[in-house]
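Input: a single structure, listed below in structure tokens.
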Amino acid sequence: MYVHPKLTAFTTALETLLNEVDDKMEEKYAGLFPLHPNRPARGTTAYSDMDGLFEIAPDFTPGIGSEQGRGYLISCRVATLANVPDTWFEAFLDDAAECVREKLPAYFPSRELSVVRDGNRYKIIGNFSLGEA
């Protein structure tokens, strides 16, 4: 299967950005909730979204039924068996979205991208064009 090199570059940059956000979340909220028993401790795997309390990852959506349209949802998962109150989960979402908002220009300087609330999640929207093939 052919994957456009510009899509590969975009996806790699987005995943790197979200791994950096994951690291900041891990530092800020370390020890707040017990880690899921099957989840490796932070820093013990090659990918930050596979260990520690948080998994911050992009999920592309075509935006069907969304006022904001297509984009990348900022998925925030908390790897714990403890009950995470809605207020804490909202704080996690808000912090992750703000961190992404701050870092987008550095990772994608030539694109007009923004972070917006879309229902109960945050989404990266804007110019995802790959340009000329």
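The numbering used here applies: residue 31 is where the sequence shown begins, and numbers increase by one.
A virtual CB, placed ideally from N, CA and C, is assigned to each residue, including glycine.
Only residues of its own chain outside the window of five on either side were considered, and among them Tyr77, Ser78, Asp79, Ile86 have a CB closer than 8 Å to the CB of asparagine 49, listed in chain order. Spatial neighbours of threonine 46 in its own chain (CB-CB distance under 8 Å, excluding positions within 5 residues in sequence) are listed in chain order as Tyr137. CA-CA distance, aspartate 53 to alanine 127, rounds to 14 Å. Here cysteine 106 is not near phenylalanine 90, since their CB atoms are 8 Å or more apart. Annotation for alanine 109: no alpha helix (DSSP H) segment contains it, and DSSP assigns it neither H nor E. Rounded to the nearest angstrom, the gap between the Cα atoms of glutamate 57 and histidine 34 is 35 Å. By the 16-neighbour rule on beta-carbons within 10 angstroms, phenylalanine 119 is exposed. The alpha-carbon separation between methionine 55 and leucine 83 amounts to approximately 9 Å. When only Cα atoms are considered, glycine 161 and asparagine 113 end up about 45 Å apart. Around the beta carbon of glycine 101, 16 or more other beta carbons lie within 10 angstroms, which makes this residue buried. The C-beta of leucine 44 has 16 or more other C-beta atoms within 10 Å across all chains shown, which makes the residue buried. In the three-state reduction of the DSSP assignment, aspartate 52 falls in the helix class, which pools H, G and I.
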